[in-house]
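Every letter in the sequence shown is one number past the one before it in UniProt numbering, and letter 54, counting from 1, is 54.
Heads up, the beta-carbon is just placed ideally off N, CA and C, and yes, glycines get one too.
If you're wondering where the values come from, they're calculated on a predicted model, not measured in any experiment.
A short worksheet on the structure shown next.
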Amino acid sequence: MMKRVSTQHLMLSDGAELYYAEIGQPSASRPSVLMLHSLFFNGGMFLPVIQALQNEWHIICPDHRNQGLSTAGQKPATMHQLAQDYAFLAQALRISSLHVVGSSMGGYVAQELMQCAPQLVRSAVLSCCTSMAEQQKERFDQLEAQLRRDGGAPYVSALLQTMFGDAFLASTDLAAQAQQEQWRDYFTHLPPSIANSVNGVFARPDYQSLLAGNTTPHLLISGALDRAKKPADMEHMHSLLPDSTHTVFEQSGHTAPVEVPEAFALQIENFWNQVN
């Protein structure tokens, strides 16, 4: 049965409107789930994963400020600011414990959230990100300038190649093809203001020094076909975190929740059940 999704929004202190999808009801026996999307996407990227989950969970899927339906407000869209936004959202919803799932950019926000509100994060799933500061700053500088000038339309092919692996892009599966077309259209309509979010990603700090002291249970996910971040990046995190598991999806690129949603759902749900 399809899970019911309702769209809500919250006004932040600087005037930004934070939109989020909410699925299910809070439970006293298990944490709620906060799913944080990749750069260039919105919270809807997790919907195929949510529909594939076997159990009922209370799930919050926000659009980051300056992306999706959420507005920019007066504050910059840094990883730290986004984490502050979600700590405020959890407080507003009276949520005291979260399983956090972060894909790429969302993984950086999750790492910031574990710094600013460590008591809030019961577990963390980090997919296709790194603990290091940006290593390709010149490339991101160029991308930011291009998007600020032109918006997403001229760069759709490059974005698809970066965000998805070859197996997904060549898939004959109808659901995969529908997802690919959905995101192709979405990337086409990215406004020039998306450059501000690109800046927030490449200006992130280095998190490596924080890993050894982070005892939060982690599930680290990589895509073997990822052109943006390699499994070695997550393996490095795995070597530094006290309580972590690393799994590699052989048929996925950079955006596993979209490319292999059923496998992603199975892994994260098994992980949550172990943590609970």
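1) Note the first and the last residue of the continuous beta strand (DSSP E) segment covering Val260.
2) Could you tell me the alpha carbon to alpha carbon distance between Gln208 and Ile95, rounded to whole angstroms?
3) Give me the Cα-Cα distance between Asp63 and Phe41, rounded to the nearest whole angstrom.
4) Taking Leu98 and Ser32 to be in contact with their CB atoms under 8 Å, please state how far apart those CB atoms are, rounded to whole angstroms.
5) Taking the straight line between their C-alpha atoms, what separation do you get for Gly44 and Leu240?
6) What do you get for Met116, buried or exposed, if any count of 16 or more other CB atoms within 10 angstroms of its CB means buried?
7) Hey, out of Val198, Gly102, Trp183 and Ala176, whose CA is closest to Gln136's CA?
8) Where does Met1 fall in DSSP's three states?
9) Quick one: Cα of Arg149 to Cα of Phe140, how far?
10) When you compare only the Cα positions, how much space is there between Phe264 and Asp226?
11) Taking a contact to mean a Cβ-Cβ separation below 8 Å, would you say Phe187 touches Thr255 in this structure?
12) Name the DSSP bridge partner or partners of Thr247?
13) Could you tell me if Pro192 is buried or exposed, where buried requires 16 or more neighbouring beta carbons within 10 angstroms of its beta carbon?
14) Look at Ser127 and Gly107 and say whether their C-beta atoms are less than 8 Å apart.
15) In whole angstroms, what separates the C-alpha of Ser104 from that of Ala133?
16) Who pairs with Leu98 in a beta bridge, going by DSSP?
17) Please name the residue or residues paired with Thr7 in a DSSP beta bridge.
18) Thinking just about the alpha-carbon of each residue, which of Leu12, Gln111, Ser29 and Gln51 is nearest to the one in Glu22?
19) Return helix, strand or coil for Cys116, following the three-state DSSP convention.
20) Going by C-alpha to C-alpha distance, which of Gln177, Asn270 and Leu147 sits closest to Thr247?
Result, derived from the coordinates:
1) Numbered from its first residue, the sequence shown carries residue 260 at position 260. For Val260, there is no enclosing beta strand (DSSP E), as DSSP marks it with neither H nor E.
2) Within the sequence shown, residue 208 is the residue found at index 208, counting from 1. Within the sequence shown, residue 95 is the residue found at index 95, counting from 1. Distance between the alpha carbons of Gln208 and Ile95 is about 28 Å.
3) Working through the sequence shown from its first residue, we reach residue 63 at position 63. Working through the sequence shown from its first residue, we reach residue 41 at position 41. CA-CA distance, Asp63 to Phe41, rounds to 8 Å.
4) For the purposes of this step, residue 98 is taken as residue 98 along the sequence shown, with counting starting at 1. For the purposes of this step, residue 32 is taken as residue 32 along the sequence shown, with counting starting at 1. The C-beta separation of Leu98 from Ser32 comes to about 6 Å, placing the pair in contact by the 8 Å criterion.
5) Residue 44 sits at position 44 when you count from the first residue of the sequence shown. Residue 240 sits at position 240 when you count from the first residue of the sequence shown. Note on geometry: alpha-carbon atoms of Gly44 and Leu240 lie some 32 Å from one another.
6) Position 116 of the sequence shown, counted from the first residue, corresponds to residue 116. Contrary to the premise, residue 116 reads as Cys rather than Met in this sequence. With fewer than 16 other beta carbons inside 10 angstroms of its own, Cys116 counts as exposed.
7) One-based indexing of the sequence shown puts residue 136 at position 136. Closest in alpha carbon position to Gln136, among Val198, Gly102, Trp183 and Ala176, is Val198.
8) Counting from one through the sequence shown, the residue named residue 1 turns up at place 1. Shown here, Met1 sits in coil according to DSSP, grouped into three states, outside any helix or strand.
9) Locating residue 149 in the sequence shown gives position 149, where the first residue counts as 1. Locating residue 140 in the sequence shown gives position 140, where the first residue counts as 1. Inter-residue distance for Arg149 and Phe140 is about 14 Å (C-alpha atoms, whole angstroms).
10) As a working mapping, residue 264 is identified with position 264 in the sequence shown. As a working mapping, residue 226 is identified with position 226 in the sequence shown. Those two C-alpha atoms are separated by around 15 Å.
11) For the purposes of this step, residue 187 is taken as the residue at position 187 of the sequence shown. For the purposes of this step, residue 255 is taken as the residue at position 255 of the sequence shown. Taking 8 Å as the Cβ cut-off, Phe187 and Thr255 do not qualify as a contacting pair.
12) Mapped onto the sequence shown, residue 247 falls at position 247. Paired residues: Ile221.
13) Taking the sequence shown and counting its residues from 1, the one referred to as residue 192 is at position 192. With fewer than 16 Cβ atoms within 10 Å of its Cβ, Pro192 is classed as exposed.
14) Here residue 127 refers to the residue found at position 127 when the sequence shown is read from its first residue. Here residue 107 refers to the residue found at position 107 when the sequence shown is read from its first residue. Against a cut-off of 8 Å, the Cβ pair of Gly107 and Ser127 comes out as a contact.
15) Here residue 104 refers to the residue found at position 104 when the sequence shown is read from its first residue. Here residue 133 refers to the residue found at position 133 when the sequence shown is read from its first residue. If you take the alpha carbons of Ser104 and Ala133, they lie about 13 Å apart.
16) Numbered from 1 along the sequence shown, position 98 holds the residue referred to as residue 98. Answer by DSSP bridge pairing, in chain order: Ser32 and Val121.
17) Stepping through the sequence shown from its first residue, residue 7 is reached at position 7. According to DSSP, which records beta bridges pairwise, Thr7 is partnered with Ala21.
18) Here residue 22 refers to the residue found at position 22 of the sequence shown. Ranked by Cα distance from Glu22, the first of Leu12, Gln111, Ser29 and Gln51 is Gln51.
19) Start at 1 with the first residue of the sequence shown, and residue 116 comes out as number 116. Three-state DSSP puts Cys116 in a helix.
20) Within the sequence shown, residue 247 is the residue found at index 247, counting from 1. Ranking Gln177, Asn270 and Leu147 by Cα distance to Thr247 puts Asn270 first.
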